[in-house]
Amino acid sequence: MAFSSEKHKSLFPLVLLIFVSLTCLCQSTNTSSSNTTNTTQTTSSPSSNVTLKRIPGCKTGLNPIYRYLCDRRAAWGIVLETLASSGFLFSIALFLGLLLWSLWLCVSFKEQRSSIGGTVFSMSLFLLATAGIFAITFSFIIRHTSQTCPTRLFLFSIFFSLAFSCLLARCLALLGFAAARGWGEPALALGLFTIQVIISTQWLIVVLVRDEKPCEYSQEEFVMMQIYVMCLLVISLILSLHFLCRSCNTYTYRFKYPNSGWL
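Those letters in the sequence shown? Residues -28 to -1, 1 to 235, per mature numbering (1 follows the signal peptide of the UniProt record, and there is no 0), in order.
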């Protein structure tokens, strides 16, 4: 039973890691397609503003950049925002459940307050990052503008780096690294996360502000900003698989035949 609990703990971050990586690939595709269609959307916005009155599901006078949030003819926007809202609410529910569980544990077992504080804080950061990943989906549904462009680029890498940093710190804690034990786990996650904040901020200043063209960048430049995030993803995946394989290899069981001893 002890191993079963440990095995599920190792599978949980691995499943979440794969899910977040698939979401990352989907969001990258949306970013590239939005960048290539920026000129077309800019030229067609006046006509969209005129025909917005005839779009089913949207109220009269709504800004055209929000049309995909309510346009029934473009069902992908409504479906995507429904899934994003469900994921956001589910992440917040898990976050609140984690806080209530930790509060109950601290009240019931006062001697464990110091031992679970760092782990709970790190898991809370991960759940908040996951909720943020679902939340930035709305910036991809809204049309590409000079306001949504920096939001997409900056928060995209920030939330993913925070999630992967928490997963990496958790993997190191499970593998027994002394630096990732206790409050060292959230400290390590925040340290790894701060590096991406610096990279994203510098990227916004150098790439988006140059030549006074806030939304003109190449796909190569966008990929360069995600190199650190992809490194966190790969390292977290490798360590998760290593911990999973080590748990499976060290698992033993004992079976007792009738009228015989333990084997």
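Cβ atoms here follow ideal geometry from the backbone N, Cα and C, with glycine treated the same way. Since we're looking at a predicted model, the values are computed, not measured.
{"Check": "Residue 165 and residue 107 closer than 8 Å at C-beta", "Outcome": "no"}
{"Check": "Burial state of residue 44, where buried means 16 or more other Cβ atoms lie within 10 Å", "Outcome": "exposed"}
{"Check": "Backbone CA spacing between residue 219 and residue 211 [nearest angstrom]", "Outcome": "12 Å"}
{"Check": "Coarse secondary structure for residue 147, derived from DSSP in three states", "Outcome": "coil"}
{"Check": "Local Cβ density within 10 Å of residue 175, reported as buried at 16 or more and exposed below that", "Outcome": "buried"}
{"Check": "Whole-angstrom distance between residue 204 and residue 142, CA atom to CA atom", "Outcome": "12 Å"}
{"Check": "Exposed unless 16 or more other CB atoms sit within 10 angstroms - verdict on residue 119", "Outcome": "exposed"}
{"Check": "Integer Cβ distance of residue 95 from residue 70, believed to fall under 8 Å", "Outcome": "6 Å"}
{"Check": "Short Cβ contact (8 Å threshold) for residue 168 with residue 111", "Outcome": "no"}
{"Check": "C-alpha gap between residue 238 and residue 46, whole angstroms", "Outcome": "The structure shown does not extend to residue 238, since the chain is modelled only from -28 to 235, so the question has no answer here."}
{"Check": "Inter-residue Cα distance where the pair is residue 38 and residue 103", "Outcome": "21 Å"}
{"Check": "Residue 133 burial status per 10 Å Cβ neighbour count (16 or more: buried)", "Outcome": "buried"}
{"Check": "Distance between beta carbons of residue 42 and residue 97, contact taken as under 8 Å", "Outcome": "Going by Cβ atoms, the distance from residue 97 to residue 42 rounds to 33 Å, so no, they are not a contact pair."}
{"Check": "Option nearest residue 116 by Cα separation, candidates 187, 56 and 213", "Outcome": "187"}
{"Check": "Inter-residue spacing [alpha-carbon to alpha-carbon] between residue 217 and residue 206", "Outcome": "16 Å"}
{"Check": "Through-space distance from residue 51 to residue 58, alpha-carbon basis", "Outcome": "11 Å"}
{"Check": "Spatially closest choice to residue 65 from 36, 79, 136 and 99, by CA coordinates", "Outcome": "99"}
{"Check": "Alpha-carbon spacing of residue 121 relative to residue 146, whole angstroms", "Outcome": "38 Å"}
{"Check": "Inter-residue CB distance, residue 49 and residue 113 (contact presumed, cutoff 8 Å)", "Outcome": "5 Å"}
{"Check": "Residue ranges of each beta strand (DSSP E) within the stretch 158 to 200, 3 or longer", "Outcome": "none"}
{"Check": "Residue range of the unbroken alpha helix (DSSP H) whose run includes residue 112", "Outcome": "109 to 113"}
{"Check": "Identity of the residue in 53, 54, 80 and 93 nearest residue 68 by Cα", "Outcome": "93"}
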